[in-house]
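Student:
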DNA sequence: ATGTTCACG
DNA sequence: GACGTACGTGAACATC
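Numbering (the numbering used here), first residue to last: -5 to 918.
If you want it as structure tokens, here you go:
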């Protein structure tokens, strides 16, 4: 799909006369039918013309925006003016009619916007878009050879004849009509047009018309002074048919105020999805065209005879134990310009792990392992320390290679390698990451671990870490592995990475996802490696105090629970709780879990507590403190790195379906905030002495994106005016004034706003608000009525998912939803809700990724020594010297709120709240 | 290993 | 009328 991109003086907008293309394609080419008998000649011609146009438009004439515009079948407003309009035109040929729909599909396959409007001709829409673009200062090119469009030519607007590759500007119009573009309609009004049955004035052709208009200035003057004309026939004809001339002028004048069905900004040109395009062409059975386009896009099946899938021979890998050998490998890497790199360490956490060795691969099958930190496993020496290059010398040789801007480094989950190298002051660049190449093309499902990728793409199962190091208690650290085994394992990883890159990198361009990868994925490993290495300080004493406090509260709640139950049991066991509540006590059970047991989750217990029972209340209290103690207070204390005294999370870049990050070991994206007790945990995240924590978060980013994407004017206006969006929703929906609004009414509106983002259902909303399904249904219908655009958006996303198997964010990230076509209706409906949610959640994820990619450079440029520490989906957390707080707040606001630019210009502002304080808790 | 619950956006 | 149901995560604990 095309992207949304602002139109300004740097833009070059192409408007393609789709209907003109169709008739030209139909008449210029011999009839052609598909094997099933469907006529497809015009489709082929159309595709060939579009392809040629796109191919010709490289370089300085490249479009920033492009759309294909069609006539809409049926009568137009011109027929109301004059029922003879186009009356002479025969019905389109029988074998062309079924091709109209296919040609719209073809436009979609090229990822081009397909524009038409009932009651208007393509020319009117072109006139309207041309005017809008010109008003925005853009250049406009109209791809058409229709002379009726020449009236639109001016300083900014030219016509492009797609077949003759000829630009038609002012000079060429004068050549054709004998008058400049602004007088073309007057000439056409006089001359008429037999094809369109525009009457004009009998006896006057283009030449005479041009001569008359040039002499008298314009049509009205000419008609007013018709008496002065010397030639009697001409004079009489003009006087007699003056009305016809005026009518004709109305007929030939293109309506630049035609309503435009899609905003000009949405025409942003983007790489086509090569797979989809080639798939369409192949389905149409255009053999030659398919092959030509396949070749040009580098599409087609991966080269299976290439080196990448040749069998892997681990015994061919080399162990590098001398500087001379290392230099030789570095020279080979330099010659290849590309080198796959993998580090081996003694632990999983990059912030704690020590470097054990480095492997390199320069061509498929040609890889080596450079042991640097092995402490044992020398087979020749009965298990002692093997011969190795001194670590400092080896890294001294590797650093220039890894940092050479002309050598591309390849890694799998390269964030890890970057972090390990950074601790040795090596900062590899540029790099590609095969994990991210895979993620951006295939999405999160399926996994992007090296083993999974290798099996998927190479049909090869690499040596497993378990095979090498064992597992459980007997697990060895990699530095204890003998060099022969270590080499086979480590060098294979580099080899596999290189081979994967040879397959995944070309596939990226074929899918049209290079920009997504380069802007939203590739910058992140370096940024996240820095964040992870920075870590965040936690106040151990505070966590210890909290742990005791929570233990105390748990004990109290436990006693209260035993008292109420009249028996002792494990309050942590949902099964035992269910047995007591719904068995022994005989309380009314609510929901069941999916395995059929009684549910005892918070919603159920709350319901029972509200009915006056003591046990569920005690259990809720116990659960709250148990959670806070074990998941937070105790776990965070254990997660402190003794070397740094800080907590270092790991951010996963390729874990979610929508492009969000995830955080683990420990997860710092779910630190409590919603309850007072929970907030105390957040208070334990502190800044170093003399420093502050700065937290900056997007305000309502998902609702803002919904307003933009679905084009909900009322929501957009509210955001522009800085209104309380939930209150405004409530006011619209329930017709209550903003002043003195009942908080419950606002709460309902808020639940609906969130529900909409999640792909609302009456059931879900009813559940959430504790109302009946009928009531919930009424709310939803009312919402759709008050905010037109939302329902259309939802239907459009579902349709897109069904048609393509994926939906996209504003920035082009794809979210695959294969189960949208599942035969199981509940699977399908789940996918439909994902189709609604994913473009919104995904766009928000894209935006904060863009902000993160820019933030380090922005801080450096501003001379700040602040560091970015955490990302929590719509929030960035920094640590800064106290005296930088104000500057950092201003900078974070700027970078975050401007992050969509220049690719996307949102129609709503992105507000960012930012605050500095001694703790993360206080910075909210 | 799987299910349940609950912390966050 | 029936599928089932709000979107995206990770961690702890119980239970098999």
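C-beta: ideal position from N, C-alpha, C; glycine also.
(1) My assumption, with CB atoms under 8 angstroms, is that residue 732 sits in contact with residue 781. Please give the rounded CB distance.
(2) DSSP has residue 7 in a bridge; who is on the other side?
(3) Taking all protein chains shown into account, do 16 or more other C-beta atoms lie within 10 angstroms of the C-beta of residue 504, making it buried, or fewer, making it exposed?
(4) Span of the alpha helix (DSSP H) holding residue 479?
(5) Just the C-alpha distance for residue 641 and residue 538, rounded to the nearest angstrom, thanks.
(6) My understanding is that residue 434 touches residue 492, with C-beta atoms under 8 angstroms, so please give their C-beta distance in whole angstroms.
(7) Have a look at 16, 123, 154 and 63 and flag the residue whose alpha-carbon is nearest the alpha-carbon of residue 1.
(8) Hey, would you say residue 117 sits closer than 7 angstroms to residue 248, going by beta carbons?
(9) Give a yes or no on whether the C-beta atoms belonging to residue 233 and residue 218 are separated by under 7 angstroms.
(10) Who does residue 37 pair with in a DSSP beta bridge?
(11) To the nearest angstrom, report how far apart residue 685 and residue 861 are at their CA atoms.
(12) Count the other CB atoms, across all protein chains shown, that sit within 10 Å of the CB of residue 469; report buried if there are 16 or more and exposed otherwise.
(13) Where does the unbroken beta strand (DSSP E) through residue 960 begin, and where does it stop?
(14) When you compare only the Cα positions, how much space is there between residue 826 and residue 753?
(15) I need the DSSP call for residue 296, collapsed to helix, strand or coil.
(16) For residue 412, which of 335, 459 and 447 has the nearest alpha-carbon?
(17) Could you say if the region 757 to 776 and the region 829 to 846 meet the contact criterion of at least three C-beta pairs nearer than 8 angstroms?
(18) Can you have a look at residue -3 and say buried or exposed, based on whether 16 or more other CB atoms are within 10 angstroms of its CB?
(19) Would you kindly work out how many angstroms separate the C-alpha atoms of residue 520 and residue 345, rounded to a whole number?
(20) Given that a residue counts as buried once 16 or more other Cβ atoms are within 10 Å of its Cβ, and exposed if not, what is residue 145?
(21) If contact is defined by three or more beta carbon pairs under 8 angstroms, each pair taking one atom from either stretch, is the region 880 to 894 in contact with the region 845 to 862?
(22) Around the C-beta of residue 635, are 16 or more other C-beta atoms found within 10 angstroms, so that it is buried, or is it exposed?
(23) Give the straight-line distance between the Cα atoms of residue 120 and residue 63, rounded to the nearest whole angstrom.
(24) Residue 186 and residue 192 - do their beta-carbons sit closer together than 7 angstroms?
(25) Does the beta-carbon distance from residue 679 to residue 522 come in below 7 angstroms?
(26) Using a Cβ-Cβ cutoff of less than 7 angstroms, which residues in the same chain neighbour residue 52 once the five nearest sequence positions on both sides are dropped?
(27) Just how far apart, CA to CA, sit residue 527 and residue 864?
(28) Using 7 angstroms as the threshold, is the C-beta distance between residue 471 and residue 340 below it?
(29) Using CA coordinates, which residue listed in 606, 22 and 201 is at the minimum distance from residue 169?
(30) Using the Cα positions of residue 548 and residue 407, report the straight-line distance between them to the nearest angstrom.
(31) Within its chain, find whatever has a CB closer than 8 angstroms to the CB of residue 455; leave out the 5 residues flanking it on each side and keep chain order.
(32) Note down, in chain order, each residue of its chain lying with its Cβ closer than 6 angstroms to the Cβ of residue 594, except the 5 sequence neighbours on either side.
(33) Terminal residues of the continuous alpha helix (DSSP H) containing residue 570?
(34) Any idea which residues DSSP pairs residue 353 with across the strands?
(35) Can you list, in chain order, the stretches of the beta strand (DSSP E) that have 3 or more residues and sit fully within the region 52 to 126?
(36) Going by Cα to Cα distance, which pick from 626, 499 and 828 is closest to residue 545?
Tutor: In this structure, then:
(1) Here residue 732 is taken as the residue at index 738 of the first chain, counted from 1. Here residue 781 is taken as the residue at index 787 of the first chain, counted from 1. 17 angstroms between Cβ atoms; not a contact.
(2) On the first chain, residue 7 is found 13 positions in, with the first residue counted as 1. Residue 7 is bridged to 59 and 134.
(3) As a position in the first chain, residue 504 is number 510, starting the count at 1. Buried, because 16 or more other Cβ atoms sit within 10 Å of the Cβ of residue 504.
(4) Indexing the first chain from 1 puts residue 479 at position 485. First-last of the alpha helix (DSSP H) with residue 479: 477 to 505.
(5) Here residue 641 refers to the residue found at position 647 of the first chain. Here residue 538 refers to the residue found at position 544 of the first chain. About 15 angstroms.
(6) Counting from 1 along the first chain, the entry for residue 434 is found at position 440. Counting from 1 along the first chain, the entry for residue 492 is found at position 498. Actually they do not touch by this definition, with Cβ atoms about 19 angstroms apart.
(7) Position 7 of the first chain, counted from the first residue, corresponds to residue 1. Of the listed residues, the one whose Cα sits closest to residue 1 is 123.
(8) Indexing the first chain from 1 puts residue 117 at position 123. Indexing the first chain from 1 puts residue 248 at position 254. Yes, the Cβ-Cβ distance between residue 117 and residue 248 is below 7 angstroms.
(9) Counted from its first residue, the first chain places residue 233 at position 239. Counted from its first residue, the first chain places residue 218 at position 224. Going by C-beta atoms, residue 233 is not nearer than 7 angstroms to residue 218.
(10) The residue labelled residue 37 in the question sits at position 43 within the first chain. Note: residue 37 sits in no beta bridge, so no partner.
(11) Counting from one through the first chain, the residue named residue 685 turns up at place 691. Counting from one through the first chain, the residue named residue 861 turns up at place 867. Each residue's alpha carbon lies about 11 angstroms from the other.
(12) Stepping through the first chain from its first residue, residue 469 is reached at position 475. It counts as exposed.
(13) Nothing can be reported for residue 960, as the shown portion of the chain is limited to -5 through 918.
(14) If you number the first chain from 1, residue 826 lands on position 832. If you number the first chain from 1, residue 753 lands on position 759. Taking the straight line from one Cα to the other gives about 8 angstroms.
(15) Within the first chain, residue 296 is the residue found at index 302, counting from 1. Below a pLDDT of 50, predicted positions are generally treated as unreliable, and residue 296, at 49, falls in that range; the measurement from the model is reported next regardless. Coil.
(16) Sequence index remark: in the first chain, residue 412 carries index 418 (1-based). Closest option to residue 412, Cα to Cα, is 335.
(17) no
(18) By 1-based counting over the first chain, the position of residue -3 is 3. It counts as buried.
(19) Taking the first residue of the first chain as 1, we reach residue 520 at position 526. Taking the first residue of the first chain as 1, we reach residue 345 at position 351. So the two alpha carbons sit approximately 14 angstroms from each other.
(20) What you label residue 145 is simply residue 151 of the first chain in a count that begins at 1. So residue 145 ends up on the buried side.
(21) yes
(22) Numbered from its first residue, the first chain carries residue 635 at position 641. It is exposed - the Cβ of residue 635 has fewer than 16 other Cβ atoms within 10 Å.
(23) Here residue 120 refers to the residue found at position 126 when the first chain is read from its first residue. Here residue 63 refers to the residue found at position 69 when the first chain is read from its first residue. C-alpha separation (whole angstroms): 7 angstroms.
(24) Locating residue 192 in the first chain gives position 198, counting from the first residue. Locating residue 186 in the first chain gives position 192, counting from the first residue. Yes, the pair counts as a contact, with Cβ atoms nearer than the cut-off.
(25) Residue mapping note: residue 679 aligns to position 685 of the first chain, counting from 1. Residue mapping note: residue 522 aligns to position 528 of the first chain, counting from 1. Going by C-beta atoms, residue 679 is not nearer than 7 angstroms to residue 522.
(26) Counting from 1 along the first chain, the entry for residue 52 is found at position 58. Correct list: empty, nothing qualifies.
(27) Stepping through the first chain from its first residue, residue 527 is reached at position 533. Stepping through the first chain from its first residue, residue 864 is reached at position 870. Residue 527 and residue 864: Cα-Cα distance of roughly 11 angstroms.
(28) Mapped onto the first chain, residue 471 falls at position 477. Mapped onto the first chain, residue 340 falls at position 346. Yes, the pair counts as a contact, with Cβ atoms nearer than the cut-off.
(29) Looking up residue 169 in the first chain gives position 175. Checking every option, the nearest Cα to that of residue 169 belongs to 201.
(30) Residue mapping note: residue 548 aligns to position 554 of the first chain, counting from 1. Residue mapping note: residue 407 aligns to position 413 of the first chain, counting from 1. Whole-angstrom Cα-Cα distance: 41 angstroms.
(31) Within the first chain, numbered from 1, the residue matching residue 455 stands at position 461. Excluding positions up to five away in sequence, the list reads 445, 448 and 449.
(32) Residue 594 sits at position 600 when you count from the first residue of the first chain. Closer than 6 angstroms at the Cβ level, and outside the excluded window around residue 594, lie 568, 571 and 572.
(33) Counting from 1 along the first chain, the entry for residue 570 is found at position 576. Looking at the DSSP string, the run of the alpha helix (DSSP H) that includes residue 570 is 568 to 572.
(34) Residue 353 sits at position 359 when you count from the first residue of the first chain. Per DSSP, 336 and 363.
(35) 59 to 63
(36) By one-based count along the first chain, residue 545 stands at place 551. Comparing Cα-Cα distances from residue 545 to each of 626, 499 and 828, the minimum goes to 626.
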